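Participant: The sequence shown begins at 1 in the UniProt record's numbering and counts up one residue at a time.
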Amino acid sequence: MQTQVLTQCLEAPSTQPLIAINMKANTIKSWFYVHKWTSLICTAFLLLLCLTGLPLIFTDEIHHWMGDDADAPALPANAPKAPIDNVINNAKNHLPGKEMKYIYWDEDKEPGKMFFTLADSSSAPEASNSYLTMDSRTAKVLQTPANEMDFMDIMYHLHVDLMAGLPGMLFLGFMGILFIASLISGVVLYGPIMKRYDFGMIRTEKSSRLRWLDLHNVVGIVSLAWAFVVCITGIINTLADPAVEVWRAGQLAEMVSEYKDKPRVKEAELGPLQIAIDKTREAEPDMEVNFIAFPGTLYSSNYHYAVYVKGNTPLTSRIIKPALIDAQTNELTDIRDLPWYLKTVYISQPFHFGDYGGMPMKVLWALFDLATIIVLISGLYLWVARRKSKEQQLNRILTNLEAANLIK
1 MQTQVLTQCL EAPSTQPLIA INMKANTIKS WFYVHKWTSL ICTAFLLLLC LTGLPLIFTD
61 EIHHWMGDDA DAPALPANAP KAPIDNVINN AKNHLPGKEM KYIYWDEDKE PGKMFFTLAD
121 SSSAPEASNS YLTMDSRTAK VLQTPANEMD FMDIMYHLHV DLMAGLPGML FLGFMGILFI
181 ASLISGVVLY GPIMKRYDFG MIRTEKSSRL RWLDLHNVVG IVSLAWAFVV CITGIINTLA
241 DPAVEVWRAG QLAEMVSEYK DKPRVKEAEL GPLQIAIDKT REAEPDMEVN FIAFPGTLYS
301 SNYHYAVYVK GNTPLTSRII KPALIDAQTN ELTDIRDLPW YLKTVYISQP FHFGDYGGMP
361 MKVLWALFDL ATIIVLISGL YLWVARRKSK EQQLNRILTN LEAANLIK
């Protein structure tokens, strides 16, 4: 790539200074090696992330197209919701012997539906979970999804953690840091040089390697801001699990400190969930309830319903707040804003996934994703072509020396 820098300088118009970079040769060389090695190390993994991220942008649409989602039957818009405790009873009757873990709903994306997670116990591992999709108006079962990975689940786990759990997430975060270093060093090296040419110019009359170099630089500059934002937010998201653990050990433990010595409340002793939801809505009338964690689960305590509320705009919908409701007395015991580090994680997600602006934003994100794939593939091609060019040059030198009988 240092050869590429010199090549571009030599190809610059003669009316311009030969080198318009106010850096010493050693500085340029250092930036060159940063760009070369950070790019080479992270390219394969970034390419995997771009390829798996592309279908994830359209997760809802793909699930609908594949027929994975059960649509709620058409009812009048003003059809009343069934009492949530009735919906819970029907869910438990459909899966006898199972305990409630979580309930989730989103009227904006999935109107008329509620999603239930049950297991043999509230503390059972994820692998033993059972899932139900319920109609929130009729309290009837719409679907019983299998607890197995489909195509979109595979794409998701490859994208999030390489199917390696937390070590995989942290590894991808490190690859993201290398990619940021690659972006910055690329701008430092090629930004000043590209000012010598018309924006978007690709020298078709030159060698194929120079054409690929121009394509690499032009598409890279066009997608630079997007790649930077998505990469930074991706790095932040790799810290989601450690951030949740810090929150559970810190703020959540403080919120339930008065209950820490009490045994887990039994399911038969649970008070009506509707009262817990009503108490939360009284405390936060301008926010929407959309997630319930039952006692003994990861996102609650042994003695509380954790009722999570969110903002009511596309961006603030990622800002959530937990309310702890005594699961026996239905008294609100605490409600707090999440700490800054968890807010940072959740606020970064819409910027990473591009899912806060509807289909136009998704299409834009997909186009930039494709542009980044072009940058990664062209960069890999340039490295291979440069190595091949060096080998050919060495072979020509050896051939000439042999012809002159200078070597045997």
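Even for Gly, the Cβ is constructed at its ideal location relative to N, Cα and C. No experiment lies behind these values; they were computed from the predicted model shown.
What does a CB cutoff of less than 8 Å around M149 pick up in its chain, not counting 5 residues either side in sequence?
Facilitator: Correct list, in chain order: H157.
Participant: DSSP three-state call for residue 410: helix, strand or coil?
Facilitator: There is simply no residue 410 to check, as the chain begins at 1 and stops at 408 in what is shown.
Participant: Does the ligand NAD have even one heavy atom less than 6 Å from the beta-carbon of A243?
Facilitator: Inclusion of the ligand NAD in the displayed structure is not the case, the ligand content being empty and no account of it being possible.
Participant: Where do the ends of the alpha helix (DSSP H) carrying K343 lie?
Facilitator: Looking at the DSSP string, the run of the alpha helix (DSSP H) that includes K343 is W340 to F353.
Participant: For the candidate residues H64, T316 and S301, whose alpha-carbon lies nearest to that of W247?
Facilitator: Of the listed residues, the one whose Cα sits closest to W247 is S301.
Participant: Counting only the same chain and skipping the five closest in sequence on each side, list residues whose C-beta sits under 6 Å from that of residue 427.
Facilitator: Nothing about residue 427 can be read from this structure; the chain reaches only from 1 to 408.
Participant: Quick one: Cα of I21 to Cα of Y190, how far?
Facilitator: Caution is warranted here: a pLDDT of 43 is assigned to I21, below 50, making its placement in the model unreliable, and no coordinate value can be reported.
Participant: Could you pull the DSSP bridge partners for Y104 from this structure?
Facilitator: In DSSP, Y104 forms a bridge with F115 and F291.
Participant: According to the Cβ coordinates, are L332 and H304 closer than 7 Å?
Facilitator: For L332 and H304, no; Cβs fall outside 7 Å.
Participant: In the DSSP assignment, what residue or residues form a beta bridge with D85?
Facilitator: Paired residue(s): none; D85 is not in a bridge.
Participant: Is it buried or exposed for S128, if we count other Cβ within 10 angstroms and need 16 for buried?
Facilitator: Burial call: exposed.
Participant: Does L166 come out as helix, strand or coil in the three-state DSSP assignment?
Facilitator: Three-state DSSP puts L166 in a helix.
Participant: Return the bridge partner residues of P47 from the DSSP annotation.
Facilitator: What sits at residue 47 in the sequence shown is Leu, not Pro. Paired residues: none, contrary to the question.
Participant: Between Q349 and the rest of its own chain, which residues show a CB-CB distance below 6 Å, the 5 nearest in sequence each way excluded?
Facilitator: These residues qualify, in order along the chain: R318.
Participant: According to DSSP, is M255 helix, strand or coil?
Facilitator: M255: helix per DSSP, three-state reduction.
Participant: I'd like the span of the beta strand (DSSP E) that includes residue 441, first residue to last.
Facilitator: Residue 441 lies beyond the residue range present for the chain, which begins at 1 and ends at 408; the question has no answer from this structure.
Participant: Less than 7 Å between the C-beta atoms of L172 and T38, yes or no?
Facilitator: Against a cut-off of 7 Å, the Cβ pair of T38 and L172 comes out as no contact.
Participant: Per DSSP, what kind of secondary structure is I277 in: helix, strand or coil?
Facilitator: DSSP places I277 in helix when its eight states are reduced to three.
Participant: Taking all protein chains shown into account, do 16 or more other C-beta atoms lie within 10 angstroms of the C-beta of A44, making it buried, or fewer, making it exposed?
Facilitator: Under this definition A44 is an exposed residue.
Participant: Are the stretch 278-288 and the stretch 255-263 touching, with three or more C-beta to C-beta distances below 8 Å?
Facilitator: Not touching, per the Cβ criterion.
Participant: In three-state DSSP terms, what is L54?
Facilitator: L54: helix per DSSP, three-state reduction.
Participant: Assuming A82 contacts R137 under a Cβ cut-off of 8 Å, what Cβ separation, rounded to an integer in Å, is found between them?
Facilitator: Indeed they touch by this definition, with Cβ atoms about 6 Å apart.
Participant: By the three-class DSSP mapping on this structure, what secondary structure does D326 have?
Facilitator: Here D326 sits in strand by DSSP.
Participant: What three-state label does DSSP hand D369 in the structure shown?
Facilitator: In this structure, D369 counts as helix in the three-state DSSP scheme.
Participant: With a Cβ-Cβ cutoff of 7 Å, do G168 and G234 count as a contact?
Facilitator: Not in contact: G168 and G234 (Cβ atoms no closer than 7 Å).
Participant: Assess contact between the stretch 329-343 and the stretch 362-373, defined as three or more Cβ pairs (one per stretch) separated by less than 8 Å. Is contact present?
Facilitator: No, they do not touch.
Participant: Excluding the five sequence neighbours on either side, which residues of its own chain have a C-beta within less than 6 Å of the C-beta of Y104, listed in chain order?
Facilitator: Excluding sequence neighbours, Y104 sits near F115 and F291.
Participant: Can you find the residues in the same chain that come closer than 8 Å, C-beta to C-beta, to Q274, ignoring five residues on each side of it along the sequence?
Facilitator: Excluding positions up to five away in sequence, the list reads P83, I84 and D85.
Participant: Alpha carbon to alpha carbon, what distance is there between I88 and N78?
Facilitator: Going from the Cα of N78 to the Cα of I88 covers about 22 Å.
Participant: Assuming F294 and M100 make a contact with CB atoms under 8 Å, what is their CB distance in whole Å?
Facilitator: Between M100 and F294 the Cβ distance is about 5 Å, and since that is below 8 Å, they are a contact.
Participant: Whole angstroms is fine: what's the gap from residue 422's alpha carbon to E267's?
Facilitator: Examination of residue 422 is not possible in this model, given that the chain is present from 1 through 408 alone.
Participant: For a test of the three-state rule: what should DSSP assign to L239, helix, strand or coil?
Facilitator: L239 falls in the coil class under three-state DSSP.
Participant: Rounding to the nearest angstrom, what Cα-Cα distance links G358 and A146 in this structure?
Facilitator: So the alpha carbons of these two residues sit roughly 29 Å apart.
Participant: On the DSSP bridge list, what partners appear for Y156?
Facilitator: DSSP output for Y156 lists no bridge partner at all.
Participant: In the structure shown, what three-state DSSP assignment does D334 receive?
Facilitator: In this structure, D334 counts as strand in the three-state DSSP scheme.
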